[in-house]
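Notes to accompany the following structure.
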């Protein structure tokens, strides 16, 4: 289930800017396929953080209370991606960079457990428990350099 639609990205940017950032030929006509690719990349970035604690994508049918917060943050990522991928603009405005940085910070804190999603019940946890024991080997006693010449 998608967190964001192309219509929501269009509303966020406004029709003129949406067309300029999604049209790869002239920068004048909106291209929904490009917009969908931008959204897919933003959702993948969001899921890369969410997957540290939850099964992804988050099931918004089971957790409709999370739709607004995830849509807002994924739109922040998508707006930045739209600016960065457009051949007709040089750099995103400072406002867009600040919003993107705030979204990344929020997702990072969420992944680390410092932010709690406003859910009635927590979304399904990831399959691998982060507390699972892990094997760590001790350093080698004899390395190739130490055995050289023997």
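Numbering (this note's numbering), first residue to last: 14 to 163.
Don't be surprised by glycine CBs; every beta carbon is placed ideally from N, CA and C.
- Closest in alpha carbon position to residue 91, among 49, 132, 64 and 100, is 49.
- Rounded to whole angstroms, residue 111 and residue 19 show a C-alpha spacing of 22 Å.
- Our two residues, residue 15 and residue 84, have alpha carbons roughly 9 Å apart in a direct line.
- Under the DSSP assignment, residue 23 falls in the alpha helix (DSSP H) whose first and last residues are 19–26.
- Pairing residue 70 with residue 25, the inter-Cα distance amounts to about 22 Å.
- Remark: three or more beta-carbon pairs, one from each stretch, lie closer than 8 Å, so the region 92–103 and the region 44–59 are flagged as touching.
- Secondary structure at residue 46: helix, using DSSP grouped into helix, strand and coil.
- With respect to residue 62, residue 123 sits close: the two C-beta atoms are nearer than 9 Å.
- Look at residue 138 here: in three-state DSSP terms it is strand.
- Boundaries of the alpha helix (DSSP H) around residue 89: 80–98.
- By the neighbour-count criterion, in which a residue is buried when 16 or more other Cβ atoms sit within 10 angstroms of its Cβ, residue 88 is buried.
- Nearest to residue 86 by C-alpha distance, out of 109, 105 and 74, is 109.
- Collapsing the DSSP output to three states places residue 101 in coil.
- Collapsing the DSSP output to three states places residue 155 in coil.
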